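Colleague:
Number of protein chains: 2
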Amino acid sequence: MTTHVEARQSVPALESVARSRILDSAAELILDQGFAGTSMREVAASVGIKAGSLYHHFASKEEIFSAILERGIEVMVDSFAAVPVAVTEPPEALLRAHVRAHLGSLFEFGPYTAVHVTTFRSAPSSVREAIVPRRDAYEAMWSTLLHRIASGGAFRDDQDLGIARLVLFGAMNSTIEWFDLDGSLAIDDLADAVATQFWQGVSREGPSKEGLSREGLSREAAIQ
Amino acid sequence: MTTHVEARQSVPALESVARSRILDSAAELILDQGFAGTSMREVAASVGIKAGSLYHHFASKEEIFSAILERGIEVMVDSFAAVPVAVTEPPEALLRAHVRAHLGSLFEFGPYTAVHVTTFRSAPSSVREAIVPRRDAYEAMWSTLLHRIASGGAFRDDQDLGIARLVLFGAMNSTIEWFDLDGSLAIDDLADAVATQFWQGVSREGPSKEGLSREGLSREAAIQ
DNA sequence: CACGCTACCTAACAAATGTTAGGTAGGCAA
DNA sequence: TTGCCTACCTAACATTTGTTAGGTAGCGTG
């Protein structure tokens with residue numbers, strides 16, 4: 136009854152075509168219903184098969200979820216690694232390019248990264264713990280980047296780098312909530328806006344020495 | 136078998152003590168399991184009663200969820216309205232105070248706002264649509280605030296206000312993911328860091344006229 | 001006292017859940 | 001042809017789900 140047989144990929148085939156199709160559909164569903172809110176029957180129906188057949192490709196619902204979250208990280212890491220800007224470029228250009236890459240991973244390579252970002256916190260702890268190391272690895276790439284820039288003296292020294300990074304992550308990741316690839320704002324312009332806001336802020340006048348801190352930010356509270 | 140009878144509140148009692156206790160526990164559970172991932176029996180057990188008894192206080196699971204999301208907005212709106220800084224204050228102070236208020240609503244008044252922010256996108260559309268107007272009202276309060284500041288000329292004019300606001304929201308809301316009230320970083324310092332980063336950015340040198348934009352950000356893509 | 005009200009309970013319901021066992025159709029290789 | 005393998009199916013399973021009906025204990029008020 137199926138129209139044709141899928142060709143096997145020539146690569147060592149970590150992920151067969153069938154598996155990928157299922158993951159695509161499942162991720163889309165999970166993105167707007169959550170993991171627990173998406174049933175195996177729904178996933179199966181969305182790719183035109185019956186629920187039981189899913190177990191020909193995955194051992195369990197959790198395995199599907201895990202695969203999606205992992206692919207989400209892969210996409211981010213690959214995007215980061217593929218940034219076409221040399222580390223010798225000026226800080227603003229470096230930053231902008233990496234912001235663009237991260238936003239790209241959220242919108243341009245399937246729903247995987249978006250699912251990862253939005254549902255990680257409510258994932259079963261077994262799934263979550265298995266992914267944490269890879270997640271940390273990606274965050275470390277960013278840490279390294281920011282430290283490199285900071286060591287060049289381009290950053291203000293009254294702001295904690297770890298906090299700055301987490302705030303930037305939040306700003307980027309939450310674009311999922313409102314940005315639309317097909318809308319009037321281009322993703323390149325979005326990246327520029329986010330990067331500029333991160334780098335220079337929104338105020339007209341330049342940064343004062345003391346910033347906004349009420350009495351000077353205590354530095355003891357450093358976060359990685 | 137119950138130890139005591141709850142005293143009725145003297146206020147018109149929009150929310151009885153019993154209802155509030157249930158909402159508290161339910162919100163906590165939903166915060167780290169999601170709506171679909173949290174069962175009525177779980178909620179009931181967390182307040183020491185049986186599932187059926189929940190229906191003495193709420194008509195359905197959805198009603199519990201709705202009540203939580205609505206309270207989440209209430210907390211935000213109340214916090215915003217209670218900001219003890221006059222609009223005549225300098226922009227940085229105004230901003231910092233409102234950032235502090237929003238962060239407070241996320242961490243200091245129960246899990247409601249946090250639940251709202253993290254689970255809104257995966258809520259059943261019936262629930263979501265009912266809440267959208269109130270949500271918009273809160274966002275409008277921020278829009279008004281930012282426009283007031285902008286009309287004073289304090290903002291750079293090459294950045295879209297709507298985007299800036301959404302990015303700020305993202306930065307604030309995603310602190311849920313990593314900030315810990317009982318950690319070494321005080322929430323006041325967090326607010327300072329976020330506000331400073333929003334206002335001045337992280338770079339040392341002042342904003343250049345052209346910013347980071349590749350060729351000048353197109354303004355047509357204005358977002359509310 | 002009797003009444004009614006609140007807040008809970010038990011027990012069950014139909015429906016939906018993840019998962020499994022066993023079967024079938026078609027392609028490919030010997 | 002025979003046999004195996006992949007990819008699907010049907011049908012059922014035990015469990016969990018939201019929800020409801022009906023009952024009971026304790027309280028305050030008439």
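Those protein sequence lines, which keep their order, are chains B and V.
136 is the number of the first residue of the first sequence in our numbering; add one for each residue after it.
136 is the number of the first residue of the second sequence in our numbering; add one for each residue after it.
The beta carbon of each residue, even a glycine, is placed where N, CA and C say it ideally should be.
Fair warning: this is a prediction, and the values are worked out from it, not measured in the lab.
With three or more C-beta pairs closer than 8 Å as the rule, is the segment 238–252 of chain V touching the segment 274–290 of chain V?
Modeller: Cβ pair count under 8 Å is below three, so no.
Colleague: For chain V, check one thing: does any of its Cβ atoms lie closer than 9 Å to the Cβ of B:S77?
Modeller: Limits of chain B in this structure are 136 at one end and 359 at the other, which puts residue 77 of chain B out of reach.
Colleague: What is the rounded straight-line gap between the Cα of B:Y190 and the Cα of B:R156?
Modeller: The count along the first sequence starts at 1 and reaches residue 190 of chain B at position 55. The count along the first sequence starts at 1 and reaches residue 156 of chain B at position 21. One C-alpha to the other measures close to 14 Å.
Colleague: For V:A289, decide whether its Cβ has a neighbour in chain B, counting only Cβ atoms nearer than 9 Å.
Modeller: Walking along the second sequence from the start, residue 289 of chain V turns up at place 154. Closer than 9 Å: yes.
Colleague: In the DSSP assignment, the alpha helix (DSSP H) including B:V152 goes from what residue to what residue?
Modeller: Position 17 of the first sequence, counted from the start, is the residue given in the question as residue 152 of chain B. First-last of the alpha helix (DSSP H) with B:V152: V152 to Q168.
Colleague: Our contact map puts V:F215 next to V:H233 with C-beta atoms below 8 Å; I'd like the distance itself, whole angstroms only.
Modeller: The count along the second sequence starts at 1 and reaches residue 215 of chain V at position 80. The count along the second sequence starts at 1 and reaches residue 233 of chain V at position 98. Confirmed, about 6 Å.
Colleague: By the 10 Å Cβ neighbour count, where 16 or more other Cβ atoms means buried, how is V:G305 classified, buried or exposed?
Modeller: Along the second sequence, one-based indexing puts residue 305 of chain V at 170. Under this definition V:G305 is a buried residue.
Colleague: Taking 8 Å as the threshold, find out whether the segment 180–197 of chain B comes into contact with the segment 150–168 of chain B through three or more Cβ pairs.
Modeller: Enough Cβ pairs lie closer than 8 Å, so yes.
Colleague: Suppose contacts are defined by Cβ-Cβ distances below 9 Å. Is B:R269 in contact with B:E205 by that definition?
Modeller: Counted from its first residue, the first sequence places residue 269 of chain B at position 134. Counted from its first residue, the first sequence places residue 205 of chain B at position 70. Against a cut-off of 9 Å, the Cβ pair of B:E205 and B:R269 comes out as a contact.
Colleague: Less than 6 Å between C-beta atoms, sequence neighbours within five positions excluded: which residues of the same chain meet that for V:V252?
Modeller: As a working note, residue 252 of chain V is residue 117 in the second sequence. Correct list, in chain order: N308.
Colleague: Please state if the CB of B:E227 and the CB of B:A330 are separated by a distance shorter than 9 Å.
Modeller: Here residue 330 of chain B refers to the residue found at position 195 when the first sequence is read from its first residue. Here residue 227 of chain B refers to the residue found at position 92 when the first sequence is read from its first residue. Yes; because the gap between Cβ atoms is below 9 Å, this pair is in contact.
Colleague: Cα separation between V:A202 and B:R231?
Modeller: Reading the second sequence from its first residue, position 67 is the one you call residue 202 of chain V. Reading the first sequence from its first residue, position 96 is the one you call residue 231 of chain B. Those two C-alpha atoms are separated by around 41 Å.
Colleague: Could you pull out every residue in the same chain whose Cβ sits closer than 7 Å to the Cβ of B:S188, ignoring the five residues on either side in sequence?
Modeller: Within the first sequence, numbered from 1, the residue matching residue 188 of chain B stands at position 53. Contacts found: A179.
Colleague: On the DSSP letters alone, give me the boundaries of the alpha helix (DSSP H) that B:I298 sits inside.
Modeller: Here residue 298 of chain B is taken as the residue at index 163 of the first sequence, counted from 1. Its alpha helix (DSSP H) spans residues L296 to N308.
Colleague: Following the continuous alpha helix (DSSP H) through V:A249, name the residue where it begins and the one where it ends.
Modeller: For the purposes of this step, residue 249 of chain V is identified with residue 114 of the second sequence, where counting begins at 1. Note, V:A249: alpha helix (DSSP H), Y247 to T254.
Colleague: Got a sec: is the Cβ-Cβ distance from B:W334 to anything in chain V below 9 Å?
Modeller: In the first sequence, residue 334 of chain B corresponds to position 199, counting from 1. True, the Cβ-Cβ gap to chain V drops below 9 Å.
Colleague: Quick check: what's the CA-CA separation for V:Q335 versus V:V220?
Modeller: Position 200 of the second sequence, counted from the start, is the residue given in the question as residue 335 of chain V. Position 85 of the second sequence, counted from the start, is the residue given in the question as residue 220 of chain V. Spanning the two alpha carbons is a distance of roughly 20 Å.
Colleague: Can a CB atom of chain B be found closer than 9 Å to the CB of V:S338?
Modeller: Locating residue 338 of chain V in the second sequence gives position 203, where the first residue counts as 1. Yes, contact with chain B.
Colleague: Here's the rule: buried if 16 or more other CB atoms are within 10 angstroms of the residue's CB, otherwise exposed. What is B:G318?
Modeller: In the first sequence, counting from the first residue as 1, residue 318 of chain B sits at position 183. Under this definition B:G318 is an exposed residue.
Colleague: For B:D271, go through chain V and note every residue whose CB falls closer than 9 Å to its CB, in chain order.
Modeller: Here residue 271 of chain B refers to the residue found at position 136 when the first sequence is read from its first residue. The premise fails here: B:D271 is roughly 12 Å from chain V at the closest Cβ pair, so nothing lies under 9 Å.
Colleague: When we look at the beta-carbon of B:H282 and count the other beta-carbons within 10 Å, is it buried (16 or more) or exposed?
Modeller: Mapped onto the first sequence, residue 282 of chain B falls at position 147. By the 10 Å Cβ count, B:H282 comes out exposed.
Colleague: For the segment 169–193 of chain B, which residues have a CB atom closer than 9 Å to at least one CB atom of chain V, in sequence order?
Modeller: Residues passing the 9 Å Cβ filter: G169, F170, A171, G172 and T173.
Colleague: List in chain order: all unbroken alpha helix (DSSP H) runs of 4+ residues lying wholly within the segment 192–250 of chain V.
Modeller: Within the segment 192–250 of chain V, the complete alpha helix (DSSP H) runs of at least 4 residues are 196–216 and 226–242.
Colleague: On the three-state DSSP scale, how would you describe V:S286?
Modeller: For the purposes of this step, residue 286 of chain V is taken as the residue at position 151 of the second sequence. Note: V:S286 maps to helix in three-state DSSP.
Colleague: Here's a check: name, in chain order, each residue in its chain whose Cβ is nearer than 7 Å to the Cβ of B:I311, leaving out the five neighbours to either side.
Modeller: On the first sequence, residue 311 of chain B is found 176 positions in, with the first residue counted as 1. Same-chain partners within the cutoff: L241, A249, V252 and T253.
Colleague: Since B:A299 meets chain V, which of its residues come closer than 7 Å, beta carbon to beta carbon?
Modeller: Here residue 299 of chain B corresponds to residue number 164 of the first sequence, with the count starting at 1. Result: Q332 and V337.
Colleague: Which chain V residues are close to B:S257, counting only those with a beta carbon under 7 Å from its beta carbon?
Modeller: Against the first sequence, residue 257 of chain B aligns to sequence position 122. Per Cβ cutoff of 7 Å: D167, Q168, G169 and G172.
Colleague: Going by alpha carbons, who is nearest to V:S151 out of V:F193, V:R176, V:F170 and V:L296?
Modeller: What you label residue 151 of chain V is simply residue 16 of the second sequence in a count that begins at 1. Of the listed residues, the one whose Cα sits closest to V:S151 is V:F193.
Colleague: Can you tell which of B:S260, B:D213, B:S257 and B:A321 has the C-alpha that lies nearest to the C-alpha of B:M276?
Modeller: Translated into the one-based positions of the first sequence, residue 276 of chain B becomes position 141. Of the listed residues, the one whose Cα sits closest to B:M276 is B:D213.
Colleague: Is any beta-carbon of chain B found at less than 9 Å from that of V:D292?
Modeller: By 1-based counting over the second sequence, the position of residue 292 of chain V is 157. For V:D292, the answer is yes, since a Cβ of chain B falls inside 9 Å of its Cβ.
Colleague: Using a C-beta to C-beta distance shorter than 7 Å, which residues of chain V count as neighbours of B:T253?
Modeller: As a first step, residue 253 of chain B is located in the first sequence; it is residue number 118 there, counting from the start. Result: R256.
Colleague: With a threshold of 8 Å, establish whether the CB of B:P226 neighbours any heavy atom of the ligand ZN.
Modeller: As presented, the structure is devoid of all ligands, the ligand ZN included, so that no description of it is given.
Colleague: With H, G and I counted as helix, E and B as strand and the rest as coil, what does DSSP make of V:S338?
Modeller: Taking the first residue of the second sequence as position 1, residue 338 of chain V is located at position 203. In the structure shown, V:S338 sits in a strand (DSSP, three-state: E or B).
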